Each structure stands twice: as structure tokens, then as C-alpha cells.
Amino acid sequence: MRQILKSFRGLYFASLMMLIGSGLLSTYLALRLAADKVDSLWVGALMAANYFGLVLGGKIGHRLIARVGHIRAYSACAGIVGAAVLGHGLVDWLPAWLFLRVIVGLGMMCQYMVIESWLNEQAEANKRGVVFSGYMIASYLGLVLGQLILVMHPGLGLELLMLVALCFALCLVPVALTRRIHPAPLHPAPMEPRFFIKRVPQSLSTVLGSGLIVGSFYGLAPLYASQQGLSTEQVGLFMGSCIFAGLVVQWPLGWLSDRYDRALLIRCFAFSLALAALPLAIMQQVPLEVLFIAGFFCSLVQFCLYPLAVAFSNDHVEGDRRVSLTAMLLVTYGVGASIGPLVAGVLMKLFGSQMLYAFFSFFALVLVWRIRPKAVTNLHQVDDAPLHHVAMPDSMSSSPLVACLDPRVDEQVVQDQMQNPVTPEADFNPDAEPEPEIEAETDLESEDPDTGREQSFTEARP
């Protein structure tokens, strides 16, 4: 591990600085608008704009890196993100802030792509899991430290924006000064949405629900805590403890995921989230101790949904499709994270701040209804499933290239899909013969080729 840290300390430092800046910026903007008595709808819209930029950057980033190379692309995006951050201090017009948040999200996604592809290229195949763990720790630690800065500097002046811009300037240094040869040019992996919707519908539902919940949390939880009467320092501690819960739970989650049915775990964690969020959803004014304890446990389970859904979907998708699967999962997550803050912001404006956790509880119950372990046919389960669990950060700190660092993905597949030009034949053909389906549906039927009779997919394999 010491050798890994020594080899990749520059990229880990860059990730740490990026996430400190990103986490601080999100909370700062929410608290700044709350102090100015701005509607929660605008706070949600700003976070939605950030996730929209992340999704957009997933497409644009490939083209930019392929055209100018990794170092130039990263340097340009770091400069643009830093300028956009400072732009928040120059302009008070909220529609302009929406545009700036899109730019920040787009630029950060390009930076994620450079770092993750670089880590993958420099890591040995048998050490990619350890390398990825270090990257995940740096990402979550950055988000936590970004919140703790508010404890040490509770003022909401322009100094915090300068500090965010400083973080993005510092994250540029280790990449710009590297002596390593940058990776080969990247190309987007082919997307096959209709195939994955048919093959892994329950996983996509979970990822969408996780995006709705976690996206709303990052954008609106600081506003909720502020409206509960917490000071800026206390809001920083509240957000830091909640995000820290997401890091702490990853290792116990891996142990559970490798030993128990993943669909059942998703349903159990969703039900636990609905229960944990209930006190905060019911009480308009929450005691400080209850707020911190309930908020910690809500985060403990809400940050489990996305990694479990990723592992569950990988169990039912062949190795040569896992890079495309990761891109599909992150796009689905980004769509949910773009919609969630808007809807939750409207509810908070109309019915009060407690509606944020009512929103969490409602969509957790939707997942309990949607995820049906008994309906999983295992018809397309890969030979080595259940695959070893890999702790996964959400798309707040990752790009579609995170699949490259997943040790379950064959390295040659990554090389073929991400570093060779994508030919038209490699793209998804909607007219092609559809492959057998489905991971988990109960109402579809197929004809048994041996008997000529129709049989339910749920009976295809016990």
C-alpha cells in the first residue's frame, strides 16, 4: 500500500483538492442562498445544473481529451472551473449561477476522466482494486474536509469562493508537473440503453432512485440544516458526519454484499432508509442530537444503494459489456440527481424543510416496492457471480471511466473499448435481434423450445 501511495500520490492529491473544492462549493452556495432568503427551488436547481454538467461532460470530455491530450485537457478544465467558481462572486444573478454550475460540472467530469484513465493505465492489473480504494478514500475524504472548512471559517463571504478556486488551482499542479507519459487517447464506449433496460431493470431503478436521493442530499441538506436553526459551523459538522458515514459503511457493505443476496440487501437498505428518515420527515423542529444521529444513519444506508446496484448489475452482464454498463449506470444516476433536487426543492418551498427527508422516505419505499428478489431469474447471471464487491463512489466523484479501475473488468476489454476508435458496427443497432432478457420481471413469458409451452421467466431457473 505504501508503494501504491508513493506511485499515485500526485493523482490522489489532485482528487483530494478537487473534492474539497467541490464539496465546499455545494454547501457554500446552499448556505449563501439560505442567508439571502432565496427559495429552496433555486438551491435545488443549482445542484441539478451541476449534475447536468457532469452528464454533459461525460460526452464532451472524450472528444476534448482525444483532440488535445490528457494534460492539456485537464489543465484547461481546471482553469475554466476555477474561473467559473470566481464568477459566482462577481455576479449575483441566479440564472448566471445556473450556467456557471453547469460549467463547473462539465469541467470536473473531464478532470475525473483524466485522473481515472491515468490511474488505470499506470496501475498493474493485479493492483487496480487497491489503487481504486485509494482513489475512493481520497474522494470521500475531500468531500468531508470541504465541509469541515466551514467549521473553521463560518463566514459566508467571498473568501470561501477564493478558497474553492485555490483548491482547483492546486489540483492542477501535480498533473501539470508529472514526468509520466500520459495515457493513450480515449474514445467513448458504445451505449446500449435498450439492452440494459431489458437486462438489468431493477439495478437501473435502484441507481435512478439513488440519484434522486443523493443528489437532493448534496444540494439541499445544508439548506435543511440551516432552516433547522443550525449555525454555519454546525451545518459543516452535520454535512461532514453524513458524508463520513458514506465512507465508513463501504467496507461492512462489501462483507455483506459478498455473502447475501444483493437484491434482498437493496430492499432491506431501502426500507431502513425509509424508517431512518421518518423522524426527520415528521418533526418540523428537530433537536440537535436527533438531527445528527438520524442524519448519520440516513446517510449510512442511502450511500449503500448505488454500490449495491452496481454490483448487482455486474452479476448479470458479461465482462465485455461492463464498460458500457458503467457509463449507462452513471448517466442514469446523473438523470436522477438532476431531477431530484428540483422536485425536493419545490416540496420544501411549498410544505417546509422537513419535506426533504419525506422525499427520501417516499422514494426509499418506491424502491422497496420496485425491487423484488424473488423475481430475479438469474437467467443471465455470469458464471462467476456473485462477483466480489467493489466499493464504488457515486458520480459526484467519478466518471464513466471508473469501470477501468474495477478489477472485475478485463483489462483487454478496457483497451479495446476505450482506446480504439469506435466503429459504426460497434454501436448499438436497434434493428438487431434482441438478446434474451430479463434480470427481474415477473409478467413476461417465453415459449419453452422443448415443450412448445409458454413458461414464466421466473420459472426459468430457481
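The C-terminal position of the sequence shown is numbered 565 in my numbering, with every residue numbered one higher than the one before it.
Positions of the beta carbon are idealized from the N, C-alpha and C atoms, including for glycine.
The structure presented is a predicted model; accordingly, all values stated were derived computationally and were not measured.
Among the options, the one whose alpha carbon lies nearest that of residue i
{"i": "Leu222", "options": "Phe235, Gly312, Gln214", "result": "Phe235"}
{"i": "Ser220", "options": "Phe111, Gln250, Leu445", "result": "Phe111"}
{"i": "Lys301", "options": "Val420, Gly160, Leu119", "result": "Val420"}
{"i": "Glu224", "options": "Leu114, Pro476, Tyr243, Pro277", "result": "Leu114"}
{"i": "Val184", "options": "Ala272, Leu259, Ser375", "result": "Ala272"}
{"i": "Phe462", "options": "Ala324, Leu408, Ile316", "result": "Ile316"}
{"i": "Gln388", "options": "Gly349, Ser308, Ser306, Gln330", "result": "Gln330"}
{"i": "Phe116", "options": "Gly172, Tyr177, Tyr238", "result": "Tyr238"}
{"i": "Ser308", "options": "Arg475, Val393, Ser456, Leu383", "result": "Arg475"}
{"i": "Met386", "options": "Glu295, Met458, Ile168", "result": "Met458"}
{"i": "Gly258", "options": "Met451, Leu134, Leu394, Ser129", "result": "Leu134"}
{"i": "Tyr154", "options": "Tyr321, Ala384, Ala380", "result": "Tyr321"}
{"i": "Lys452", "options": "Leu149, Leu144, Gly156", "result": "Leu144"}
{"i": "Val449", "options": "Thr130, Val146, Ser129, Ser118", "result": "Val146"}
{"i": "Leu378", "options": "Leu350, Ser313, Tyr460", "result": "Tyr460"}
{"i": "Phe399", "options": "Phe347, Ala373, Leu269", "result": "Phe347"}
{"i": "Phe351", "options": "Leu403, Leu383, Pro304, Leu381", "result": "Residue identity check: residue 351 is Val in the sequence provided, not Phe. If we check each option's Cα against that of Val351, Leu403 comes out closest."}
DSSP-derived helix/strand/coil call for residue i
{"i": "Gln387", "result": "coil"}
{"i": "Leu201", "result": "helix"}
{"i": "His191", "result": "helix"}
{"i": "Phe111", "result": "helix"}
{"i": "Glu421", "result": "coil"}
{"i": "Trp221", "result": "helix"}
{"i": "Tyr363", "result": "coil"}
{"i": "Leu122", "result": "helix"}
{"i": "Ser129", "result": "helix"}
{"i": "Val525", "result": "Confidence in Val525 is poor, its pLDDT being 44 and thus under 50, which makes the residue's placement unreliable; the coordinate value appears in the next sentence. Correct three-state label for Val525: coil."}
{"i": "Gln337", "result": "helix"}
{"i": "Gly443", "result": "helix"}
{"i": "Gly437", "result": "helix"}
With 16 other Cβ atoms within 10 Å as the buried cut-off, status of residue i
{"i": "Gln405", "result": "buried"}
{"i": "Ser334", "result": "exposed"}
{"i": "Leu391", "result": "exposed"}
{"i": "Lys138", "result": "It should be noted that the sequence gives Ala, not Lys, for residue 138. Answer is exposed; the Cβ neighbour count stays below 16."}
{"i": "Val217", "result": "buried"}
{"i": "Thr526", "result": "The predicted model places Thr526 with a pLDDT of 44, which falls under 50 and marks its position as unreliable; any figure quoted below should be read in that light. Classification of Thr526: exposed, given that the 10 Å Cβ count is below 16."}
{"i": "Leu261", "result": "exposed"}
{"i": "Leu323", "result": "buried"}
{"i": "Leu432", "result": "buried"}
{"i": "Arg425", "result": "buried"}
{"i": "Phe560", "result": "Confidence at Phe560 is low in this model, with a pLDDT of 32, below 50, so its placement is unreliable and the value that follows should be read with caution. Buried."}
{"i": "Trp354", "result": "exposed"}
{"i": "Val418", "result": "Sequence inspection shows Asp at residue 418; the Val mentioned does not correspond to that position. Asp418 is buried by the Cβ-count criterion."}
{"i": "Trp196", "result": "exposed"}
{"i": "Phe454", "result": "exposed"}
{"i": "Pro410", "result": "buried"}
N-terminal and C-terminal residue of the alpha helix (DSSP H) that residue i is part of
{"i": "Trp145", "result": "143-171"}
{"i": "Ala472", "result": "The sequence given here places Trp at residue 472; Ala does not occur at that position. Its alpha helix (DSSP H) spans residues 458-473."}
{"i": "Cys270", "result": "261-273"}
{"i": "Lys301", "result": "296-302"}
{"i": "Trp358", "result": "353-360"}
{"i": "Gly245", "result": "231-255"}
{"i": "Pro476", "result": "Element bounds for Pro476: n/a, residue is neither H nor E."}
Using a Cβ distance threshold of 8 Å, determine whether the region 146-164 contacts the region 197-215, with at least three qualifying pairs required. yes
Do three or more CB pairs link the region 273-281 to the region 440-453 at distances below 8 Å? no
Contact between the region 361-377 and the region 463-470: three or more CB pairs below 8 Å? yes
Three or more C-beta pairs below 8 Å linking the region 354-362 and the region 453-468: no
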